[in-house]
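2 protein chains.
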Amino acid sequence: MAATIRDIRKQTGLSLATISKYLNGGNVLPENREKIEASIRDLHYEVNEIARGLVTNRTKTIGMIVYDIESMFSGVLIRHVGDFLRKEGYALLVCDSCNDEAIEADNVRFLLNKKVEGIVITPVSWKADFLLPAQHKNVPVVLMDRSFAGTDFDCVKIDNRAAGYRAAQYLIKRGHRRIAIIASSVEYTGWERYKGFKEAMDEQGLSLPEEYCRIGVHTIEFGYESMQKLLGLSERPTAVLMTNYETSLGAVMAVNESEYDCPDDISMMGFDDLIMSHVVKPKLCMVVQPMKEMCEKAVGLILTQINNPEDRPPIELSMGTTLRDGNSVKPLQ
Amino acid sequence: MAATIRDIRKQTGLSLATISKYLNGGNVLPENREKIEASIRDLHYEVNEIARGLVTNRTKTIGMIVYDIESMFSGVLIRHVGDFLRKEGYALLVCDSCNDEAIEADNVRFLLNKKVEGIVITPVSWKADFLLPAQHKNVPVVLMDRSFAGTDFDCVKIDNRAAGYRAAQYLIKRGHRRIAIIASSVEYTGWERYKGFKEAMDEQGLSLPEEYCRIGVHTIEFGYESMQKLLGLSERPTAVLMTNYETSLGAVMAVNESEYDCPDDISMMGFDDLIMSHVVKPKLCMVVQPMKEMCEKAVGLILTQINNPEDRPPIELSMGTTLRDGNSVKPLQ
DNA sequence: GCAAAACAGCGAAACGTTACGCGTTTGTTC
DNA sequence: GAACAAACGCGTAACGTTTCGCTGTTTTGC
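Residue numbers (my numbering), protein chains in the order written: chain A, 1 to 333; chain B, 1001 to 1333.
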C-alpha cells in the first residue's frame, strides 16, 4: 500500500543503500539528492518506523508509569514529559499503576514487551525489585518524585526533607506552637517531608503529640478523615501541614464541611500548587515543586542514558521548592 | 542478545513455522508443545513485537489525543481508555493538543507515523480536515465527548442537548426565573448544551437577557470572569448554569472570593462530577457523564473497526446523563 | 603529476517474525 | 488393507529498513 524505498529505487535508479543514507542525513550527490526528494514527494513516501526499529533496535518510544493517573500531579507530569520528548521525536506510552504494586510490576513488563527505550516512573513500590527486568534488559529508568534508598537509578525529585523543614518553619515563625501534620507513610516522599518537619519542630523544642501525627495513605479520604479527627480533639492544633496534594484536598474538604473556619480557627498549609488549589477557599499557602523543570531534567536524563549507554553512577537530582503565600495561615499575635 | 525463535529451533529441532504456529495458538503435537515450552522457559524467550508488527502490519498500539491533558476530564478518560485497551493487549500512546488546532493536526501525523492502529480523540477543531490523513490511511478514528456535524467517524458522547435541557428544568422547577448560563462556544459540546438550555427556557416562556448569556472559551479563567460579571449586574440572576468542568470551577472560585454566598445569594449548577467537585464548598449540583461507560464504548468501537474493517456507516453513541444533587441550588418558594 | 585519502555508490546480508503451499504422518472407514 | 481425510510439520519467501565491505571516482597535498 504505502510507498517503500524500493519504489524510490525504481523511480530513481539508485540503490537502497544510497537512499537509506540520504534518509539518515548522509552525504549524497546533489543531483541524486534532488532525484530522491522529487520521488519522495511524488510517492508521499514516509519512513516505516517499525521496519527501521527492527534493524536499529530503537523504537523512539519511552514508557511512563504513574502511580495514579487520576491524580492531577500525574496529569501535569505526563504533559510536560510528553512535550519534551516530542521535541526529540519520541512518543510516550502511558501506564497507570492505580496505586497498586502488582499492576506496577505488570506495567514494567508490558512496556518492556513494547520495546520502549526507557522508562520514566513515579513508583508505588518502596523496593526496586519490580524494576529488575528493565535493568536486566539494559533499559534505562528514571524515577520521578519518589525514590528508594540505595538503588542505582537516576532520579529527579525535590528536596523533600528541606521542603518539610521550611514549611514547619513558616508556621512556627508565625507563632504557631501546636502544629499537626498529615503525611503519607506509603512512599518515601511522605516520610522525608515528615522528617524535615519533625526536625524543625525539635529544633524549636516543640512537642509533637502522637494524636497530632496523622501518618497514613496518600488519598483524599485519608486527608479528610485525618482533619476531622484533628478538629475533634479537645486540644485542637492551631495549624496543620498536609504533605501532599491529595491529603491537602481532603483536609480542605473536612474544614469546609465543619463548623470551623480557616484561617480563623485553624491554619492550613498544603503541598503542590496544582490548579485545584486556586479554586478552594481559602487560598492555600503551599510548598510548590518546579514541575516543568523536573520533567525537563527527567527527559534529559533518560535521553543521555539512551544515547550514551556508558556505565556511570546514578544521578540524583534534588530540586528546590518555593513557598507560595495564600491566606490560609493566620499569624498568632 | 535476547532469544529468538531461531534459538528455539536450535534447541528443539523443530522448524520456525511450527514454533510460530505454537506462539499464535495453533495446534502442535503434545510432545512438541512441551519441547517448545521448555525451551521458552529455558531461554526466557519473548516474542519480539516489532518484528511481528513488521510482517503483520499491526502494532497493537492505539493513539489517544486529548484537547488538554491538564484538564481532569482528560485524565479520567486516559485512565479508562488505557485500562480497557490493556485488557486487549493494546498500548496507549498519549498526545496533548494543548487546546491548539495546529498541535492537534501535528499529533495526528505523529501518531500515524508511529503506526497506531486507531485513534481516539477529544478534538479541539470544529472541522474534520485534520483527520483526513488518518482516513486516507484507513486508520479508524473514534471521537469522544465532542464531534463535528456530518462527518463519518464513530463517536461516543452524551446527549448534550438533553443534558442542557434537564439542567435548566431542574432550576426552573425549583422556582428560578432569572437564570444565567456560562458556556463555551469553542466546541460543539458547549453549543449543544446551550441549545438544550435555551429550549427549556423558551418552553417556559422565560427570557434570557443578553447579559445572562456568557458564551466564551473553555477555561477556568473564563468561568471566573463570567461569574464576576454576573455578580456585578444590577439585576443579578438567581441561578447560574456552568456547562463544563473548567468553567464550573472558575465560577465557584469567583463566588467564593466574592461577598455573595451560594446558595443563599446565588444558586449554581455545574457539569462533570470529577473529584474536584467534592472539595469545593458548597457541594455542587451537577450533570454527570458516565465516563467509564463512554470509554468502554469508545474502546469497543475502535477495536471492532480494527478487527472488522468492513465499510459501514459511522456509529454515533449518545449516552444519557444523570443529575447529582448537592446543596448549591436553593429552592425559591 | 602521483600516491594517498576521502567520497559516493552498490549488492547483499542482516533484523525476527509470519504466511503460503506443499509434503508426510496418522487415523478412520469400508 | 486400500483409500482418503485430517492433522501436523517444513522450507522459504516475504515485511521495509539499515549496515557492512567493497569498488570505483574524485579530491588533496606535496
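Think of the CB as a built atom: it goes at the ideal place given N, C-alpha and C, for glycine as much as any other residue.
In this structure, the alpha-carbon of arginine 1161 of chain B lies about 18 angstroms from that of serine 1248 of chain B. Excluding the 5 residues flanking it on each side, leucine 317 of chain A has same chain C-beta neighbours closer than 6 angstroms at Val156, Lys297, in chain order. Measuring C-alpha to C-alpha distances from arginine 214 of chain A to each of A:Ala200, A:Tyr22, A:Arg41, A:Val240 identifies A:Val240 as the nearest.
The beta carbon of arginine 58 of chain A lies closer than 7 angstroms to those of Glu117 in the same chain, with the five residues before and after it left out. Exclusion of the five residues before and after glutamine 305 of chain A leaves Gly118, Pro140, Val142, Asp154 as the residues of its chain whose Cβ lies within less than 8 angstroms of its Cβ. Listed along chain A, no residue sits closer than 8 angstroms to glycine 1025 of chain B by beta-carbon distance, the nearest being about 17 angstroms off. From the listed residues B:Leu1029, B:Asn1027, B:Phe1110, the smallest Cα separation to glutamate 49 of chain A is found for B:Phe1110. With 16 or more other CB atoms across the displayed protein chains lying within 10 angstroms of its CB, valine 1329 of chain B is buried. Residues of the stretch 1068-1083 of chain B with a C-beta atom less than 9 angstroms from some C-beta of chain A are Asp1068, Ile1069, Glu1070, Ser1071, Met1072, Ser1074, Gly1075, Val1076, Ile1078, Arg1079, Gly1082, Asp1083, listed in chain order.
Leucine 93 of chain A: member of the beta strand (DSSP E) spanning 91-96, first to last residue.
Below 8 angstroms, enough C-beta pairs join the stretch 229-245 of chain A and the stretch 187-201 of chain A to call them touching: three or more.
Interface annotation, lysine 114 of chain A: in contact with chain B, CB-CB separation under 8 angstroms.
When the beta-carbon positions are compared, leucine 77 of chain A and methionine 291 of chain A come within less than 8 angstroms of each other. Only exposed fits aspartate 1042 of chain B, as fewer than 16 other CB atoms lie within 10 angstroms of its CB. For glycine 1150 of chain B, there is no enclosing alpha helix (DSSP H), since its DSSP letter is neither H nor E. Scanning chain A for C-beta atoms nearer than 8 angstroms to the C-beta of glycine 1053 of chain B yields Ile50, reported in chain order. Counting other Cβ atoms within 10 Å of its Cβ, aspartate 1083 of chain B reaches 16 or more and is therefore classed as buried. The residues Gly1250, in chain order, have a CB closer than 8 angstroms to that of glutamate 1221 of chain B in the same chain once the five nearest residues on each side in sequence are set aside. Linking isoleucine 1266 of chain B to methionine 72 of chain A through their CA atoms gives a straight-line distance of about 29 angstroms. Contact annotation: asparagine 27 of chain A and leucine 14 of chain A have beta-carbon atoms that are not nearer than 8 angstroms.
Per the coordinates, the alpha-carbon of serine 1258 of chain B lies some 24 angstroms from the alpha-carbon of leucine 1274 of chain B.
Taking a contact to require three or more Cβ pairs closer than 8 angstroms, the stretch 84-98 of chain A and the stretch 59-69 of chain A qualify as touching.
For leucine 1233 of chain B, the number of other beta carbons within 10 angstroms of its own is below 16, and it is reported as exposed. Close partners of leucine 1092 of chain B in chain A (Cβ separation under 9 angstroms): Leu93, Val94, Cys95.
Residues of the stretch 1210-1222 of chain B with a Cβ closer than 9 angstroms to any Cβ of chain A, in chain order: Ile1220.
Within chain A, the residues Ile50 have their CB atoms less than 7 angstroms from the CB of threonine 1059 of chain B, given in chain order. Glutamate 46 of chain A reaches chain B at Leu1112, Asn1113, counting residues in chain order whose Cβ is nearer than 9 angstroms. Annotated three-state conformation of serine 15 of chain A is coil, per DSSP.
DSSP places aspartate 106 of chain A in the uninterrupted alpha helix (DSSP H) bounded by 101-113. Methionine 319 of chain A places its beta carbon 8 angstroms or farther from that of leucine 171 of chain A. Put simply, the backbone Cα of asparagine 1308 of chain B is about 20 angstroms away from that of alanine 1091 of chain B.
DSSP assignment within the stretch 1152-1235 of chain B yields the following whole beta strand (DSSP E) runs of 3 residues or more, N-terminal first: 1154-1158, 1179-1184, 1213-1216. Taking C-alpha positions only, glycine 1326 of chain B is separated from aspartate 1272 of chain B by approximately 13 angstroms. Burial of histidine 218 of chain A is indicated by the presence of at least 16 other C-beta atoms within 10 angstroms of its C-beta.
Listed in chain order, the beta strand (DSSP E) elements of length 3 or more contained wholly in the stretch 1264-1327 of chain B are 1267-1271, 1285-1288, 1316-1319, 1322-1324. At the C-beta level, leucine 93 of chain A and lysine 114 of chain A come within 8 angstroms of one another.
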